[in-house]
Amino acid sequence: MACLKHLWEDVVIQLSVLQMPSSLSFAEILSYTACRQLSQMLLAIAFFHTSEYILAVSIHGRSNVTLKSLLISKNFLLAMIFSLLEYLLEIVLFPGLKEYWWISDTGLAMVVIGEIIRKLAIITAGQAFTHLIKVYHEEHHQLITHGVYRFIRHPGYSGFLIWSVGTQIMLCNPISTVAFAIVVWKFFAERIPYEEYFLKQFFGSDYEEYARRVPSGVPFVK
């Protein structure tokens, strides 16, 4: 019995030695993954909203811009909270899901590309760009067809769609990736025809010819 007891103690010691590096490695991976992905997400959100406000102020003047130009709405906050809850739940229950770095890096690239496209759209349009749809024609509101607008009619919307879906791919959030893609696409699919109704009123045949020649920039939206 004493021999068996000593043998059992040796087995337990050996197993504990084998398990220690594994548990430490898991903790290190969990810490690194969460810190990198969540910090990228927070930086992406902070840069997007602050740059939107700063550009609006620089183009239209401080007196003509409100905090709404930060583009932080109730629905946006709920979407981001949902995506964060999904991330935290999955990294605890399925940590390996967050370790596909080629997927995460693809999402990061989409965030950068989407941001660049949207900011190019704002800078190119200048005073013609507003966060609210114009229903009355103003003197400074001109039809912009140069720069990034040569290739897509609504680069601001296209850029935001790429950016928003990219944030969730960057977090390796499968549910939020699909949800963001559907919700944001549906929003622009309804917004673009409404906005273009007024653009046709403002610019007539010039806009109709432009719309026939240049795609909207949002998939499946003519």
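Position one of the sequence shown corresponds to residue 172 (the numbering used here), numbered consecutively onward. The C-beta atom is built at its ideal place from N, Cα and C for all residues, glycine as well.
{"Query": "Cβ pair count under 8 angstroms reaching 3, the region 278-285 against the region 340-352", "Result": "yes"}
{"Query": "Limits of the alpha helix (DSSP H) - the one that Tyr-271 falls within", "Result": "Counting along the chain, Tyr-271 falls outside any alpha helix (DSSP H), and DSSP gives it neither H nor E."}
{"Query": "Extent of the continuous alpha helix (DSSP H) to which Arg-384 belongs", "Result": "376-384"}
{"Query": "Inside the region 203-290 only - alpha helix (DSSP H) runs reaching at least 4 residues", "Result": "245-264"}
{"Query": "Own chain residues within Cβ distance below 7 angstroms of Tyr-258, not counting five before or after", "Result": "Leu-342 and Asn-344"}
{"Query": "Spatial distance of Ile-284 from Gly-375 (CA atoms)", "Result": "32 angstroms"}
{"Query": "Outcome for Gly-388 when other beta-carbon atoms lying within 10 angstroms are tallied against a minimum of 16", "Result": "buried"}
{"Query": "Closest residue to Leu-255 among Ala-299, Phe-373, Val-236 and Thr-348 (Cα-Cα distance)", "Result": "Thr-348"}
{"Query": "Per-residue DSSP class, three states only, for Leu-370", "Result": "helix"}
{"Query": "Closest residue to Ser-229 among Ala-217, Leu-209, Pro-266 and Ala-296 (Cα-Cα distance)", "Result": "Ala-296"}
{"Query": "Rounded straight-line distance, which links the Cα of Trp-356 to that of Gly-267", "Result": "29 angstroms"}
{"Query": "Leu-332 (DSSP reduced to helix, strand or coil)", "Result": "helix"}
{"Query": "Assigned exposure category for Gly-318 - 16 Cβ within 10 Å defines buried", "Result": "exposed"}
{"Query": "Selection from Met-212, Tyr-328 and Asp-377 that minimises the alpha carbon distance to Arg-362", "Result": "Tyr-328"}
{"Query": "Arg-324 in three-state terms, based on DSSP", "Result": "coil"}
{"Query": "Distance between Val-263 and Tyr-271 (C-alpha atoms, nearest Å)", "Result": "15 angstroms"}
{"Query": "Member of Val-336, Gly-337, Ser-335 and Glu-367 whose CA lies at the smallest distance from the CA of Ile-304", "Result": "Glu-367"}
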